[in-house]
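So the protein lines, in turn, are chains A and B.
The working numbering applies: residue 118 is where the first sequence begins, and numbers increase by one.
The working numbering applies: residue 118 is where the second sequence begins, and numbers increase by one.
Virtual Cβ for every residue (Gly too), placed ideally from N, Cα, C.
Nothing here was measured: the structure is a model prediction, and the numbers come from that model.
2 protein chains.
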Amino acid sequence: MFKKFKIPEATVGRLTAYSRFLKEAEEKGISTVSSQQIAKATGVTPAQVRKDLAYFGEFGTRGVGYNPRELYNYIMKILGLDRRWPVIIIGAGRLGAALAMYKGFAERGFDIVGIFDIDPEKIGSKIGEIEIRPLEELKEKVQELPVKLGIVAVPAASAQQVVDYMVESGIRGIINFAPVNVSVPEGVVLRRVDLASQLEYLTFRLGESR
Amino acid sequence: MFKKFKIPEATVGRLTAYSRFLKEAEEKGISTVSSQQIAKATGVTPAQVRKDLAYFGEFGTRGVGYNPRELYNYIMKILGLDRRWPVIIIGAGRLGAALAMYKGFAERGFDIVGIFDIDPEKIGSKIGEIEIRPLEELKEKVQELPVKLGIVAVPAASAQQVVDYMVESGIRGIINFAPVNVSVPEGVVLRRVDLASQLEYLTFRLGESR
DNA sequence: GGGGGATTGTTAAAGATTTAACATCCTTGT
DNA sequence: ACAAGGATGTTAAATCTTTAACAATCCCCC
């Protein structure tokens, strides 16, 4: 995979959307799709679709379009989804538990293989098939498989501490659901998902129009 | 509130982060903060902080900095958070239930006032204090309060249909957790949160460095 | 086998966002 | 009262992203 240039974050997000549409198209037995069709289905412009794909190579045929299955496979490979990924979750509260059971992860190749918490009350109880384990066992589990991806669903106050321990254990990609800014060393990828902030965006835009 | 120009989406997201830091600072009894301090705490540049604020007015004192409480109040007002907002959730699956119980919403002024589902099995059971009601009752509930904000936590296949009904009922801001692109008419604000896509971003970036 | 229509890949232009630079203004100390 | 230091607000430059335009290519039909 030859990525000579820095790929915009937004492009990566759109690739996901494209891939979902392509999978649908393939399942419907459609043999070619145009950038226009992809664009319409995903809410972007056709130029955007072609530009996004151009970062990675040439996947279509001029005058014709793209083969859904082929392009789907390419995109999945670009995204690193040509394999399954084990994922651990820290924090067995409501959010952590819901994420652990969320079907959407498995559908895209992510397997929740462990849930950890510091609350002794919770240790031992199960979420779905998975038993909640004490945080101290994280390192062992992470290095055993190994696991590279983790989700943080703990209170804001302990997020930085938890993230540090995850990194020390060997986790290299982290999604942080705690509404706080945490830092990670070079080489570790961090993404923050702030649920309340999403609602705040809505109230801001609603306020704008009045 | 005089917003003469179009405000970047990213700016809105950062305001949330600033406000959280400012609240902390105020609680600690700090009397002034600089753009540099805000920047450091939220992971942006000081210039960015000042630029973001400049869209809305002048809130600081040259040579001094900002008063945390004052700036916090301004930002909350800008975001439309100088009041509480009722919110309804459609879809009482695991994700919907977790969101309904998520403490982070209430802390930022969002009250979940209703949960709706089409599954007859679920109707009548409770999530926390709130009883799951059939989708048909949505319109009535929304217009009674009225409710302007809604969260979609239903399968991708029914998301568009649900969103249409929400809009018809009077909802004007929607967060969509279903991994599918849905469309809304002019005047309705839509935000998509794709949880699997967040993990995919991580795998992409991890793949990049090898 | 050649022309018309269609669609990609790519280059250039436009637009938006971020960063940097600096003039302005405030506080403090002498 | 005034100078020095420091932080904002604002303008300009740089960077990044999106949109538009078009040449290159392919398929289909006659």
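Start-end ranges of the alpha helix (DSSP H) lying completely within the stretch 244-321 of chain A, minimum 4 residues: 255-261, 273-286
Proximity below 8 Å, CB of Ile206(B) to CB of Leu196(B): no
Cβ-Cβ distance between Gly226(B) and Pro263(B) below 8 Å: no
Contact test: Tyr183(A) Cβ vs the ligand ZN heavy atom, cutoff 7 Å: For the structure depicted, the ligand ZN is absent and the ligand set is empty, with no information on it obtainable.
Span separating the alpha-carbon of Ala273(A) from that of Gly208(A): 11 Å
DSSP state of Val230(B) mapped onto helix, strand, coil: strand
Distance between Ile192(B) and Glu126(B) (C-alpha atoms, nearest Å): 15 Å
8 Å Cβ cutoff met for Asn190(A) and Gly160(B): no
Residue from Leu312(B), Val280(B), Leu323(B) with nearest C-alpha to Val305(B): Val280(B)
Closer than 8 Å to chain A by CB, Arg225(B): yes
Below-8 Å beta-carbon distance, Gly182(B) vs any chain A residue: no
Short CB-CB distance (under 8 Å) between Gly287(B) and chain A: no
DSSP three-state assignment for Ile207(A), whether helix, strand or coil: strand
Per-residue burial, Ala158(A) [other beta carbons within 10 Å of its own, 16 or more giving buried]: buried
Bridge partner(s) assigned by DSSP for Gly324(A): Answer is none; Gly324(A) lacks a bridge partner.
Test: Gly231(A) CB closer than 8 Å to a CB of chain B: no
Pair within 8 Å by beta-carbon distance, Leu212(B) and Ile235(B): no
Neighbourhood of Glu224(B) by C-beta distance below 6 Å, restricted to the same chain and skipping five residues each side: none
8 Å Cβ cutoff met for Val269(A) and Ile244(A): no
Sub-8 Å separation of Val204(A) and Leu316(B) beta-carbons: yes
Helix, strand or coil at Tyr135(A) according to DSSP, with G and I counted as helix: helix
For Tyr189(B), the three-state DSSP class (helix, strand or coil): helix
Contact list for Met283(A) against chain B, beta-carbon separation under 7 Å: By Cβ distance, chain B contributes nothing, its closest Cβ being about 13 Å from Met283(A), past 7 Å.
Other residues of its chain near Met118(A): CB distance less than 6 Å, five sequence neighbours each side excluded: Reliability of the predicted coordinates at Met118(A) is poor, the pLDDT of 47 falling under 50, and the value obtained from them is presented with this limitation in mind. Excluding residues within five positions, none has a Cβ falling inside 6 Å.
Contact set between the stretch 308-323 of chain B and chain A, restricted to residues whose Cβ is under 8 Å from the partner: Arg308, Val310, Asp311, Leu312, Ala313, Ser314, Gln315, Leu316, Glu317, Tyr318, Leu319, Thr320, Phe321, Arg322, Leu323
Span of the alpha helix (DSSP H), counted from its first residue to its last, around Lys145(A): Taken as a continuous stretch (DSSP letters only), Lys145(A) belongs to no alpha helix (DSSP H), as it is neither H nor E.
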